[in-house]
Ligand code: UT7
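Numbering (the numbering used here), first residue to last: 19 to 343.
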């Protein structure tokens with residue numbers, strides 16, 4: 019049985035349609051909804067996001083990211099023995115996006131399931147894959163965050179529709195003799211279900227409730243700032259490490275102000291903060307693997323670097339994974 023698990027490949031995929039803030043503001047103005055590039059940049063740091071075409075699903079985005087990660091790891095799809103997809107916007111009520119994605123990869127037989135922890139989904143999924151590798155249930159896992167949040171946005175609500183985007187990111191996590199994932203720390207507090215939710219479901223052949231995203235932005239903001247610091251500190255403590263050991267902080271990409279405040283609390287200089295929220299918006303469970311892959315491919319993150327990944331979002335959920343890349 020492997021003592022450790024380690025990321026051996028990363029990949030990501032963005033749907034081609036990119037909307038700048040000005041593009042989105044013009045589309046919204048046509049519907050009588052007023053916003054501006056200035057407001058969006060100042061309050062969130064977002065400049066642009068990508069939206070998938072109407073017939074493109076989370077598994078479509080996820081499979082492209084997965085192929086790139088498998089290729090980067092020097093593997094074939096048939097080598098994969100576990101698939102976990104973190105998503106809140108699955109293709110269907112069931113089966114899971116992971117099973118649909120497995121079929122699109124042209125492989126069959128390995129375990130495949132979805133994890134639903136909203137914007138913390140990727141750190142939850144990575145922690146589960148790490149545990150399954152360490153207990154011998156898997157040896158080459160594909161961990162994917164894939165979302166089409168544009169499908170659940172209320173484009174008459176300017177307080178939420180300017181924040182989110184679509185995309186997917188993936189990693190291959192393999193059994194290893196050398197340390198990769200060093201520690202993780204996951205939490206949820208169901209008392210805060212109502213501050214970020216899509217309060218609808220399918221019943222009797224109809225959508226019951228509301229199938230569009232609702233968020234109390236300020237309540238989420240306040241909680242996020244506190245828990246991102248505590249999760250990072252708890253994870254460092256488990257690994258017997260300190261703030262100074264972190265080479266790169268990759269927080270969930272929701273709002274640059276939350277991310278900068280977390281970096282400051284961890285006494286990290288701004289250069290150690292990975293930022294892609296400016297170009298991707300908030301892609302929920304896809305945001306961390308998207309940011310990771312972009313930074314690996316640009317040459318910023320190198321083999322051997324110590325990374326702190328942090329998720330926070332609906333549930334309320336949060337968590338961190340500390341790893342040696
Ligand atoms: O993925 C899970 C994690 N999610 C998050 O981390 C999101 C956390 N929350 C946030 O990022 C911020 O709370 C927001 C970006 C959502 C909002 O920023 P804020 O600084 O808290 O703004 P606010 O909600 O206090 O709104 C300030 C003003 C309001 O106008 P009044 O009442 O002051 O006249 C809003 O109506 O900004 C107005 N406003 C807008 N104006 C132009 C809200 N949205 C817009 C908009 N364009 N899109």
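A virtual CB, placed ideally from N, CA and C, is assigned to each residue, including glycine.
- Close CB contacts of residue 81 within its chain, under the 7 Å cut and outside five residues either way in sequence, are with 119, 122 and 123 (chain order).
- Secondary structure of residue 239 (DSSP, three-state): helix.
- The segment 62-123 contains, as complete beta strand (DSSP E) runs of 3+ residues, the segments 66-68 and 100-104 (chain order).
- Residue pairing by DSSP places residue 282 in no beta bridge whatsoever.
- Judged by DSSP in its simplified three-state form, residue 244 adopts helix.
- When rounded, the separation of the alpha-carbon atoms in residue 143 and residue 151 is 12 Å.
- Restricting attention to 301, 307, 218 and 53, the CA atom closest to the CA of residue 173 is found in 53.
- Under the DSSP assignment, residue 224 falls in the beta strand (DSSP E) whose first and last residues are 224-227.
- When DSSP states are grouped into helix, strand and coil, residue 326 belongs to the strand group.
- Taken through DSSP and simplified to helix, strand or coil, residue 321 comes out as coil.
- Pairing residue 57 with residue 320, the inter-Cα distance amounts to about 35 Å.
- DSSP places residue 298 outside any beta strand (DSSP E); the residue lies instead in the alpha helix (DSSP H), whose first and last residues are 295-298.
- Residue 105 sits close to residue 139, with the two beta carbons spaced by under 8 Å.
- The alpha carbon of residue 229 has as its nearest neighbour, out of 237, 219 and 223, the alpha carbon of 219.
- Residue environment analysis places residue 260 among the exposed positions, since fewer than 16 neighbouring C-beta atoms fall within 10 angstroms of its C-beta.
- CA-to-CA, the gap between residue 155 and residue 192 works out to about 12 Å.
- For residue 269, no alpha helix (DSSP H) run applies; the uninterrupted beta strand (DSSP E) run containing it begins and ends at 266-269, by DSSP.
- Contact check for residue 30 against residue 287 fails: the beta carbons are separated by 8 Å or more.
- At least one heavy atom of the ligand UT7 falls within 7 Å of the beta-carbon of residue 300.
- A direct Cα-to-Cα measurement between residue 68 and residue 248 gives close to 31 Å.
- DSSP places residue 39 in the uninterrupted alpha helix (DSSP H) bounded by 39-47.
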